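A.B. asks: Remember, this note's numbering sits 110 above the position in the sequence shown when you count from 1. Dropping the structure in here first, questions after.
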Amino acid sequence: MHLLQGGRLAEGIPSPTAVAIGMFDGVHCGHQALIRRAMAIASDRGLVPLVLTLDRHPDEVLRPDRARPYLTTLPEKLALIRALGISLVVVARVTPAFLSIQARDFVMRSLRGELDARAVIVGRNFRFGQGRQGDIALLTAMQKECGFTLEAVDPITADGEPISSTLIRRVLAAGEVAHARRLLGRPYQMAGEVVSGEKIGRSLGFPTANIAYPPQKVLPALGVYVCQACVEGACYGAAVNVGRRPTFDGTRITVEAHLLGFEGDLYGKQLNLRFLDRLRTEEQFPTPEALRAQIAADVAQAHELYASLAASLETCAQSQT
């Protein structure tokens with residue numbers, strides 16, 4: 111990874127380049143198509159394929175109260191981009207100074223100067239520069255002067271709707287993780303350290319791993335899910351509860367995973383959850399015994415669903431943990 115600060119690189123990079131630019135939160139099917147197009151152009155023209163992305167969304171700096179949660183943390187995003195076959199990634203550090211750069215200056219200083227771009231590949235609605243003043247029209251007007259070609263890639267659609275990070279956040283907020291899996295081209299994932307909890311699951315006969323999930327990540331809707339849980343290179347089916355545990359008057363949202371067929375200690379280990387399907391919404395039960403019976407049914411259903419889905423899943427990918 112190379113860092114772009116104030117429009118300048120800290121160190122040199124291989125060039126000339128074909129540059130794919132975007133926030134790429136989620137690295138969904140539309141992002142993948144754009145990045146693969148940049149790779150194809152680079153291959154055809156003998157250029158170095160490069161992805162230019164941001165370390166955070168500009169709203170975190172400009173409007174912190176409106177900052178949106180992320181589908182991927184920065185390390186997750188970089189790993190997913192590398193998994194596509196991109197070895198050269200430049201991350202722009204989003205600061206007030208970076209956001210104050212005029213669009214034309216960014217093209218001249220960063221794209222033409224620092225990155226030596228000979229091809230620029232962006233989404234059709236791409237905007238950049240101070241006040242989002244830069245757009246496709248500006249890039250088109252500057253391409254001859256700066257010596258690059260421009261390609262604006264149309265969005266990929268699903269059921270007639272353009273695939274976007276905003277759409278996927280909305281889908282996850284509705285608990286539709288199977289739909290999110292199709293839009294992302296892989297299961298939505300959440301990774302975190304297993305920490306000590308209140309051991310309620312253990313008391314009910316179903317021990318769970320309590321995940322300290324990244325607070326900036328999108329949480330699926332409250333409910334019970336079937337997941338693939340990967341730890342130290344091994345993967346298991348899992349019944350996962352995302353919720354407040356209303357039967358026990360809980361208020362804080364927790365993510366707890368019961369790994370199917372696993373025996374051992376998970377405390378302190380990194381657990382990666384890949385959300386496959388939703389079993390049900392979160393409910394409040396009249397007694398712990400009623401909850402225990404429902405958990406037993408959830409686990410049985412998770413076993414059945416995971417067995418039917420496991421054949422289509424990749425093995426636990428270290429690059430995505």
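C-beta atoms are modelled at their ideal positions from N, C-alpha and C, and glycine is treated no differently. All figures in this text were calculated on a predicted structure; none of them were measured in a lab.
Assuming leucine 386 and proline 297 make a contact with CB atoms under 8 Å, what is their CB distance in whole Å?
C.D. replies: About 6 Å separates the two Cβ atoms, so the contact holds.
A.B. asks: If you count every other CB in all the chains shown that lies within 10 Å of the CB of glutamine 299, and 16 or more means buried, which is it?
C.D. replies: Buried, by the Cβ-count rule.
A.B. asks: Among Glu224, Tyr335 and Arg147, which residue has its Cα nearest to the Cα of leucine 282?
C.D. replies: It is Tyr335 whose Cα lies nearest to the Cα of leucine 282.
A.B. asks: What are the partner residues of proline 272, as DSSP defines its beta bridges?
C.D. replies: In the DSSP output, where bridge partners are listed per residue, proline 272 has Thr267.
A.B. asks: Between the stretch 170-181 and the stretch 141-153, do at least 3 Cβ pairs fall closer than 8 Å?
C.D. replies: No contact exists between the stretch 170-181 and the stretch 141-153.
A.B. asks: When burial is assigned at 16 or more other CB atoms within 10 Å of the CB, is glutamate 304 buried or exposed?
C.D. replies: As written in the sequence, residue 304 is valine, which differs from the glutamate given in the question. With 16 or more Cβ atoms within 10 Å of its Cβ, valine 304 is classed as buried.
A.B. asks: Can you list, in chain order, the residues of its chain with a C-beta nearer than 8 Å to that of glycine 295? Leave out the 5 residues immediately preceding and following it.
C.D. replies: Hits under 8 Å: His138, Cys139 and Gln142.
A.B. asks: Given a threshold of 16 other Cβ atoms within 10 Å of its Cβ, counted over all protein chains shown, does asparagine 235 qualify as buried or as exposed?
C.D. replies: Burial call: exposed.
A.B. asks: Which residue's Cα is closest to the Cα of arginine 155: Val129, Glu224 and Cys340?
C.D. replies: When each option's Cα is compared against that of arginine 155, the closest is Val129.
A.B. asks: Mind listing, in chain order, the continuous alpha helix (DSSP H) runs of no fewer than 4 residues lying wholly within the stretch 341-426?
C.D. replies: Segments of the alpha helix (DSSP H) lying fully in the stretch 341-426: 398-420.
A.B. asks: For alanine 367, count neighbouring C-beta atoms within 10 Å of its own C-beta (all shown protein chains included) and say buried if the count is 16 or more, exposed if not.
C.D. replies: Per the 10 Å Cβ criterion, buried.
A.B. asks: Using 7 Å as the cut-off, classify the Cβ of histidine 368 as near or not near the heavy atoms of the ligand SAH, replying yes or no.
C.D. replies: What this structure holds is no ligand at all, so the ligand SAH is not there to describe.
A.B. asks: So the alpha helix (DSSP H) arginine 176 belongs to, where does it begin and stop?
C.D. replies: Premise fails: arginine 176 is in no alpha helix (DSSP H) and is neither H nor E.
A.B. asks: What does DSSP give as the partner residues of alanine 278 in its beta bridges?
C.D. replies: The sequence shown places isoleucine at residue 278, rather than the alanine named in the question. Paired residues: none, contrary to the question.
A.B. asks: Please report the straight-line C-alpha distance between valine 171 and alanine 301, rounded to a whole angstrom.
C.D. replies: If I take the Cα positions, the gap works out to 25 Å.
A.B. asks: Going by DSSP, what residue range makes up the alpha helix (DSSP H) through valine 287?
C.D. replies: Where valine 287 is concerned, the enclosing alpha helix (DSSP H) stretches over 287-294.
A.B. asks: Tell me which residues share the same chain as valine 204 and place their Cβ nearer than 8 Å to its Cβ, disregarding the 5 neighbours each side in the sequence.
C.D. replies: Excluding sequence neighbours, valine 204 sits near Leu164, Asp165, Arg166, His167, Pro168, Glu170 and Val171.
A.B. asks: Would you say arginine 280 and leucine 181 are within 8 Å of each other, going by their C-beta atoms?
C.D. replies: Cβ distance not < 8 Å, so arginine 280 and leucine 181 don't count as in contact.
A.B. asks: Please go through the same chain and pick out, in chain order, the residues whose beta-carbon is closer than 8 Å to the beta-carbon of alanine 207, but skip the five residues on each side of it.
C.D. replies: These residues qualify, in order along the chain: Gly116.
A.B. asks: Could you tell me how far apart the beta carbons of leucine 221 and phenylalanine 258 are, in whole angstroms, since I believe they sit closer than 8 Å?
C.D. replies: Right, the Cβ-Cβ distance comes to about 7 Å (below 8 Å), so this counts as a contact.
A.B. asks: Hey, how far is the Cα of alanine 407 from the Cα of valine 201?
C.D. replies: Approximately 46 Å, taken between the alpha carbons.
A.B. asks: At the level of alpha carbons, what is the spacing between leucine 209 and glycine 132?
C.D. replies: Approximately 15 Å between the Cα atoms of the pair.
A.B. asks: Report yes if the C-beta distance between valine 217 and leucine 260 is below 8 Å; otherwise report no.
C.D. replies: Taking 8 Å as the Cβ cut-off, valine 217 and leucine 260 do not qualify as a contacting pair.
A.B. asks: Short of 8 Å in beta carbon distance, which residues of its chain neighbour glycine 233, apart from the five on each side in sequence? Order them along the chain.
C.D. replies: Here the set comprises Gly132, Gly140, Leu144, Ala262, Val263 and Pro265.
A.B. asks: Could you give the residue range of the beta strand (DSSP E) that holds arginine 228?
C.D. replies: First-last of the beta strand (DSSP E) with arginine 228: 227-233.
A.B. asks: Roughly how far, in whole angstroms, is the beta-carbon of serine 125 from the beta-carbon of aspartate 245, given that I think they are within contact range, below 8 Å?
C.D. replies: Actually they do not touch by this definition, with Cβ atoms about 25 Å apart.
A.B. asks: Can you name the start and end residues of the beta strand (DSSP E) that glycine 302 belongs to?
C.D. replies: Start and end: 298-305.
A.B. asks: Quick one: measure Cβ to Cβ for glutamine 380 and valine 341, integer angstroms, because I've assumed they're closer than 8 Å.
C.D. replies: Right, their Cβ atoms sit about 7 Å apart.
A.B. asks: For isoleucine 273, which residues in the same chain have their Cβ closer than 7 Å to its Cβ, ignoring the five residues on either side in sequence?
C.D. replies: His138, Cys139, Gly140, Pro265, Ile266, Thr267 and Leu293.
A.B. asks: Hey, out of Val158, Leu389 and Phe395, whose CA is closest to glutamate 414's CA?
C.D. replies: It is Leu389 whose Cα lies nearest to the Cα of glutamate 414.
A.B. asks: In whole angstroms, what separates the C-alpha of arginine 118 from that of leucine 160?
C.D. replies: One C-alpha to the other measures close to 16 Å.
A.B. asks: If I'm right that alanine 349 touches valine 409 with Cβ under 8 Å, what's the distance once you round it to whole angstroms?
C.D. replies: Rounded, the Cβ-Cβ distance is 5 Å, consistent with contact.
A.B. asks: Taking only the alpha-carbon atoms, compute the straight-line gap between alanine 372 and alanine 319 and give it to the nearest angstrom.
C.D. replies: Reading off the sequence shown, one finds phenylalanine at residue 372, where the question assumed alanine. Spanning the two alpha carbons is a distance of roughly 11 Å.
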